[in-house]
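Numbering (this note's numbering), first residue to last: 0 to 425.
This is the structure in structure tokens:
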């Protein structure tokens, strides 16, 4: 436990590769399948928004579970549930509407991730020394990005050549493998927390305690979370809805190219994680909003692609570069923010606070996806104002985030070095 690459942490990293690969394959293929069948960006946005709802509702509960229930059991049980969902999808193929099945599968997928990810993030401070929390969080982010890189590329190729069923089969096998590996190898330190009241009161009390911690002891984090929600409802929703529409309908490229576009996003996330891991303790949360500013500016080339006639492959290359840069910068900000929360939150609250932060930061994303789905359908002939407007709003939010952190973090706070003042995690 004295080093970063101890047995507990390495085992979690390994099983994450399989589970997140399955997640990335399904998260990519199912909405694209809906778009291919219906041709409607608005319907794809509605499907994505519907899938987000259980995530937003269950993430705070997942944080409570992460702090009170054996984390290893949570992870294994959820991977089994996802494997069974994939099996049900395949078993019902040909007997029910696959659009409805895709929606149900996405809802289960997002619901599971609402509990799975807070569990993994909450486990990090218990598996590595405090001085390695930033690097450990960066590694977890890199694994997610790597799975997001490989998953959509493979999913795009398989989907483009053979259809949706083999994609679901591959994802189900990945979830089953992850569950087996968790049971066989993962060991996460766990100390049972007793509860003296019913489940509902326990959940409500834990969430109230977490929100009170953010409001009274770390209000700067709470303000930043709401500003990040603004980034999610603009930049994230624009990318999620706009990328497949641009690649498959505006540029007229095959589904395999959408897989490579998702790969560019994941590669950007991987690069951002590598950069944070390399820079480590030299980074400061006070200066992190600079990365949000660059992420917003990276949308300008997308406006060029949407407004300037050019060769489809040239436009595709510009789009990939823009997606890569935007995701790399957003990831660098995200890792620093999560690491700061992990280090500044008492051990008995860390899972709940992270889950609450994730839920609040993503609460408006379904609305954004619905709005952008409608915009991409209604303004298909002139989408430049949509891209430019998104960039300007995101740029303003990034500037506000910089101002909030500058005023809200005293000098020396927000640094990720071991000497930075923080609440005890153990």
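The beta carbon of each residue, even a glycine, is placed where N, CA and C say it ideally should be. Bear in mind that the values here come from a model prediction, so they are computed numbers and not experimental data.
- prompt: How would you call residue 361, buried or exposed, if buried means at least 16 neighbouring beta carbons within 10 angstroms?
  reply: buried
- request: Kindly list the residues whose CB is nearer than 8 Å to the CB of residue 135, restricted to its own chain and excluding five residues on each side of it in sequence; keep chain order.
  value: 3, 8, 123, 126 and 127
query: If we count the other Cβ atoms within 10 Å of its Cβ and call it buried at 16 or more, is residue 356 buried or exposed?
result: buried
message: Please state whether the Cβ-Cβ distance between residue 277 and residue 386 is less than 8 Å.
response: no
task: Round the Cβ separation of residue 364 and residue 235 to the nearest angstrom and send it over; I've been treating them as touching at under 8 Å.
output: 6 Å
- request: Report yes or no: do the region 14 to 26 and the region 154 to 173 share at least 3 C-beta pairs separated by less than 8 Å?
  value: yes
- prompt: According to the neighbour-count rule (16 or more other Cβ atoms, all chains shown, within 10 Å of its Cβ), is residue 27 buried or exposed?
  reply: buried
- prompt: The alpha helix (DSSP H) spanning residue 164 covers which residue range?
  reply: 163 to 184
field: Cβ neighbour criterion (16 or more within 10 Å) applied to residue 17
entry: buried
query: Hey, how far is the Cα of residue 254 from the Cα of residue 169?
result: 18 Å
field: Residue interval of the alpha helix (DSSP H) (run including residue 399)
entry: 383 to 407
query: In chain order, which alpha helix (DSSP H) runs of at least 4 residues are fully inside the region 250 to 313?
result: 254 to 278, 288 to 296 and 299 to 306
message: Rounded to the nearest angstrom, what separates residue 106 and residue 58 at their Cα positions?
response: 13 Å
- request: Could you pull out every residue in the same chain whose Cβ sits closer than 6 Å to the Cβ of residue 150, ignoring the five residues on either side in sequence?
  value: 20, 23 and 24
- prompt: Thinking C-alpha only, which one of 299, 251 and 290 is nearest residue 268?
  reply: 290
- prompt: According to the neighbour-count rule (16 or more other Cβ atoms, all chains shown, within 10 Å of its Cβ), is residue 418 buried or exposed?
  reply: Note that residue 418 has pLDDT 35, beneath the 50 cutoff, so the model's placement of it is unreliable and the number below is only indicative. Per the 10 Å Cβ criterion, exposed.
- prompt: Using the C-alpha atoms, what's the distance from residue 295 back to residue 335?
  reply: 18 Å
message: Can you tell me whether residue 95 is helix, strand or coil according to DSSP?
response: strand
- prompt: When you compare each of 51, 117, 6 and 84 to residue 348 by their alpha carbons, which one comes out closest?
  reply: 117
message: Distance check for residue 338 and residue 286, CA to CA, integer angstroms please.
response: 15 Å
- request: Tell whether a beta-carbon distance below 8 Å holds between residue 152 and residue 166.
  value: no
- request: Put residue 361 into one of helix, strand or coil per three-state DSSP.
  value: helix
- request: Thinking residue 206 and residue 63 are a contact (beta carbons under 8 Å), I'd like their distance in whole angstroms, please.
  value: 7 Å
message: Taking its Cβ as the centre, do 16 or more other Cβ atoms sit within 10 Å of residue 351, making it buried, or is it exposed?
response: buried
task: Give the straight-line distance between the Cα atoms of residue 98 and residue 15, rounded to the nearest whole angstrom.
output: 28 Å
Assumed close pair residue 263, residue 323 - CB separation to whole angstroms, cut-off 8 Å: 5 Å
message: In chain order, what are the residue ranges of uninterrupted alpha helix (DSSP H) at least 4 long that sit wholly in the region 78 to 128?
response: 97 to 126
message: Helix, strand or coil, according to DSSP, for residue 333 in the structure here?
response: helix
- prompt: Would the beta-carbon of residue 321 fall within 8 Å of that of residue 283?
  reply: no
Check whether residue 372 and residue 257 have beta carbons under 8 Å apart: no
- prompt: Which stretch, first to last residue, makes up the alpha helix (DSSP H) that contains residue 227?
  reply: 218 to 230
- request: Just the C-alpha distance for residue 96 and residue 54, rounded to the nearest angstrom, thanks.
  value: 24 Å
field: Top-ranked residue by Cα proximity to residue 481, from 392, 353, 343 and 366
entry: Here the chain covers residues 0 to 425 and nothing more, so residue 481 does not appear.
- prompt: From residue 79 to residue 164, what does the alpha carbon distance come to, in whole angstroms?
  reply: 19 Å
- prompt: How is the alpha helix (DSSP H) around residue 35 delimited, first residue to last?
  reply: 6 to 37
Distance between residue 326 and residue 319 (C-alpha atoms, nearest Å): 11 Å
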